[in-house]
Every structure is written in C-alpha cells, then in structure tokens.
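Note that the numbering used here has the sequence shown beginning at 720, numbered continuously upward.
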Amino acid sequence: MKKILLVDDEPDIVEFLKYNLEKDGFDVIASCNGKDALKNLSQSIDLIVLDIMMPEMDGFELYHKIKDKEEYNEIPIIFLTAKSGETDEIKGLDIGASDYIQKPISPKKLIARVKANLRKSSTKQKKSSLNKETKIGPLLINSDKYVVVVEGKQKFFPRKEFQLLSYLAKNPGKVFNRETLLKDVWGGNVYVVDRTIDVHIRKIREKLGKHSELIETIKGVGYRFKNPD
C-alpha cells in the first residue's frame with residue numbers, strides 16, 4: 720500500500736481528500752501545517768500532496784526543507800493551490816515539483832495524478848538502482864552503500880570525497896572545471912571556494928594509491944577521470 724503525506728491547513732479539504740485517497744487504497748497521513756508535516760515525514764512516504772498557501776510556513780518553504788534532506792530528495796511532490804494565475808504554477812514547476820493541481824480539486828483528477836506520479840517515480844527509482852554500482856578500471860563504486868573497492872580492497876572515503884570521485888568516475892574522459900564540480904557536488908546553496916576541490920582531489924588520490932593517475936589535472940581548466948584502457 721502506497722503511503723501519501725497530505726498537507727493542507729483547511730480541515731474540510733484534508734478530510735475530503737483523505738477519504739477519497741483511502742477509498743482508492745492509499746494509506747494517508749494528514750498534516751495541517753508545515754511543522755507537523757516535517758514531524759510526519761519518513762522514508763516510508765511514497766508521495767506528498769502539498770498546499771502552497773499555508774500560514775507560518777508556506778508550501779514552497781516546506782518543499783525546500785524536504786528536498787534539502789538527502790533521504791527525502793526523491794519523493795515526488797504535488798502542489799495544490801487556490802490561486803487561478805500561472806505564477807505559483809510556474810514557480811512550483813521551476814523549483815522541481817512533480818505536478819501542480821488547482822483548487823477546487825476533483826478527487827478523480829487528484830487520484831489519477833497521484834498514480835501517474837507514483838508510476839513515474841517507480842520507473843525513475845528502478846533506473847537509479849541500476850546506476851548505483853559503477854565498475855571502472857580497478858575501481859568498484861557503490862553509490863547506495865557509499866563503498867569504494869580498489870583492486871578488491873575496500874577504502875573509506877568521507878561523503879564529499881566519495882561524491883566527487885563517483886561524479887568524475889561516472890563521466891570518464893569528460894573535463895570538469897572547478898565551478899561545475901562545486902555546483903554539481905556541493906550544490907548551489909553552499910558556499911565553498913575553488914581550493915576546496917583541489918584539497919579533496921589530493922585526498923582522493925592519496926587513497927587511490929598507485930591508481931591516483933586515474934584523476935588527471937587539466938592545467939588551467941580542471942579535472943577529468945581517465946578512461947581506463
């Protein structure tokens with residue numbers, strides 16, 4: 720049974736939607752505000768239906784708090800709004816919402832959208848699981864377990880070193896400048912300097928030992944993972 724987190728500050732709407740979703744076989748957890756929703760959030764949640772217009776913490780703020788947590792990053796979120804204009808819809812889709820529904824809500828439409836987004840999410844997760852293990856040259860990188868095996872021996876890499884190595888190894892032969900690596904590995908909302916990349920590359924090379932040459936420095940540009948023969 721798929722578990723839905725329903726977040727809306729209007730009790731009548733919550734009761735109405737919860738009833739219809741449960742009638743269709745979903746397990747529904749209802750929250751009346753953003754703070755309560757965060758308490759009810761767990762990795763067992765399969766999809767979130769989220770109202771935009773809420774007091775104290777609106778839907779956009781709650782969306783960012785959820786997506787900032789790595790363990791919840793892949794949960795699809797459907798926005799609800801009472802506004803008739805396009806502004807909220809565009810903003811919601813721009814920040815990465817899976818879908819957007821305007822009030823008044825048709826239960827049949829909501830359920831159809833929920834099922835469509837769950838199917839899409841399931842397909843994405845299956846594809847993602849196939850990409851969790853990368854074998855390249857003497858390295859085996861498991862992105863699910865955060866494990867790196869070098870010639871049969873497991874090596875410990877702290878999170879950012881692991882993510883940087885994994886990112887480069889999954890794109891062999893491609894040159895990345897420091898700005899791109901900072902944005903894609905550290906994220907746009909974290910302030911770090913270019914020197915951070917150099918320090919992490921040095922530490923990664925130390926752990927790769929005789930295979931340190933797999934990460935090449937492209938002078939004046941950045942770094943690249945060497946395509947093994």
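In this text, a Cβ means the ideal position worked out from N, Cα and C, and glycines have one as well. Quick caveat: nothing in here was measured; it's all calculated off a predicted structure.
> Quick one: Cα of Ser841 to Cα of Lys889, how far?
Replying inline: On the sequence shown, position 122 is the one that residue 841 refers to. On the sequence shown, position 170 is the one that residue 889 refers to. Distance between the alpha carbons of Ser841 and Lys889 is about 23 Å.
> Going by beta carbon distance, what residues of the same chain come within less than 7 Å of Asn861, once the five residues before and after it are set aside?
Replying inline: For this step, residue 861 is matched to residue 142 along the sequence shown. Lys851, Glu852, listed in sequence order.
>> Going by the DSSP bridge assignment, what does Phe944 pair with across the sheet?
In response: Against the sequence shown, residue 944 aligns to sequence position 225. Phe944 pairs with Ile934.
>> Can you tell me where the beta strand (DSSP E) holding Asn739 begins and where it ends?
In response: Taking the sequence shown and counting its residues from 1, one reaches residue 739 at position 20. Premise fails: Asn739 lies in the alpha helix (DSSP H), 730–742, not in any beta strand (DSSP E).
> Are the beta-carbon atoms belonging to Val868 and Arg943 less than 8 Å from one another?
Replying inline: For the purposes of this step, residue 868 is identified with residue 149 of the sequence shown, where counting begins at 1. For the purposes of this step, residue 943 is identified with residue 224 of the sequence shown, where counting begins at 1. Not in contact: Val868 and Arg943 (Cβ atoms no closer than 8 Å).
>> Taking its Cβ as the centre, do 16 or more other Cβ atoms sit within 10 Å of His783, making it buried, or is it exposed?
In response: Translated into the one-based positions of the sequence shown, residue 783 becomes position 64. Classification of His783: exposed, given that the 10 Å Cβ count is below 16.
> Candidates Gly906, Ser763, Lys839: which alpha carbon is nearest Ile797's?
Replying inline: Counting from one through the sequence shown, the residue named residue 797 turns up at place 78. Of Gly906, Ser763, Lys839, the residue nearest in Cα terms is Lys839.
> How should Ile771 be labelled, buried or exposed, when 16 other C-beta atoms within 10 angstroms of its C-beta is the threshold for buried?
Replying inline: Within the sequence shown, residue 771 is the residue found at index 52, counting from 1. So Ile771 ends up on the buried side.
> Do Cys751 and Asp765 have their C-beta atoms within less than 8 Å of each other?
Replying inline: Here residue 751 corresponds to residue number 32 of the sequence shown, with the count starting at 1. Here residue 765 corresponds to residue number 46 of the sequence shown, with the count starting at 1. Contact: no.
> What residue range is occupied by the uninterrupted alpha helix (DSSP H) comprising Asp807?
Replying inline: Residue 807 sits at position 88 when you count from the first residue of the sequence shown. It spans 806–813 - the alpha helix (DSSP H) in which Asp807 sits, taken as one unbroken run.
> Nearest-angstrom Cα distance between Glu870 and Lys864?
Replying inline: In the sequence shown, counting from the first residue as 1, residue 870 sits at position 151. In the sequence shown, counting from the first residue as 1, residue 864 sits at position 145. Each residue's alpha carbon lies about 18 Å from the other.
> Assuming Ala749 and Lys737 make a contact with CB atoms under 8 Å, what is their CB distance in whole Å?
Replying inline: Here the question's residue 749 lines up with position 30 in the sequence shown. Here the question's residue 737 lines up with position 18 in the sequence shown. Confirmed, Cβ separation roughly 5 Å.
> Starting from Gly874 and walking both ways along the beta strand (DSSP E), at which residues does that stretch end?
Replying inline: Taking the first residue of the sequence shown as 1, we reach residue 874 at position 155. Checking the sequence shown, residue 874 turns out to be Lys, not Gly. Segment 872–874, the beta strand (DSSP E) holding Lys874.
>> Measuring only the C-alpha atoms, how far is Gly928 from Leu760?
In response: By one-based count along the sequence shown, residue 928 stands at place 209. By one-based count along the sequence shown, residue 760 stands at place 41. Gly928 and Leu760: Cα-Cα distance of roughly 42 Å.
> Is Lys788 helix, strand or coil when you go by DSSP?
Replying inline: In the sequence shown, counting from the first residue as 1, residue 788 sits at position 69. DSSP places Lys788 in coil when its eight states are reduced to three.
> DSSP puts Val833 in a beta bridge; with which residues?
Replying inline: As a position in the sequence shown, residue 833 is number 114, starting the count at 1. DSSP lists no partner for Val833.
> For Gln762, which option in Lys742, Leu900, Glu789 has the closest C-alpha, if you only look at C-alpha atoms?
Replying inline: Numbered from 1 along the sequence shown, position 43 holds the residue referred to as residue 762. It is Glu789 whose Cα lies nearest to the Cα of Gln762.
>> So, at 8 Å on beta carbons, what are the nonlocal neighbours of Lys828 in its own chain, with the 5 sequence-adjacent residues on each side left out?
In response: Residue numbering aside, residue 828 sits at position 109 when the sequence shown is read from its first letter. So the list reads Ile820, once near-sequence residues are dropped.
>> Considering just the uninterrupted stretch of the beta strand (DSSP E) at Ala756, what are its terminal residues?
In response: Translated into the one-based positions of the sequence shown, residue 756 becomes position 37. Element bounds for Ala756: not the beta strand (DSSP E) but the alpha helix (DSSP H), 753–759.
>> With H, G and I counted as helix, E and B as strand and the rest as coil, what does DSSP make of Glu793?
In response: Here residue 793 refers to the residue found at position 74 of the sequence shown. In the structure shown, Glu793 sits in coil (DSSP, three-state: anything other than H, G, I, E or B).
>> Need the endpoints of the beta strand (DSSP E) that Ser750 sits in, please.
In response: Here residue 750 is taken as the residue at index 31 of the sequence shown, counted from 1. Here the beta strand (DSSP E) through Ser750 covers 746–750.
>> Judging by CA-CA distance, which residue of Glu775, Arg897, Leu740, Met773 is the nearest neighbour of Pro826?
In response: Reading the sequence shown from its first residue, position 107 is the one you call residue 826. For the residues Glu775, Arg897, Leu740, Met773, the minimum Cα distance to Pro826 belongs to Leu740.
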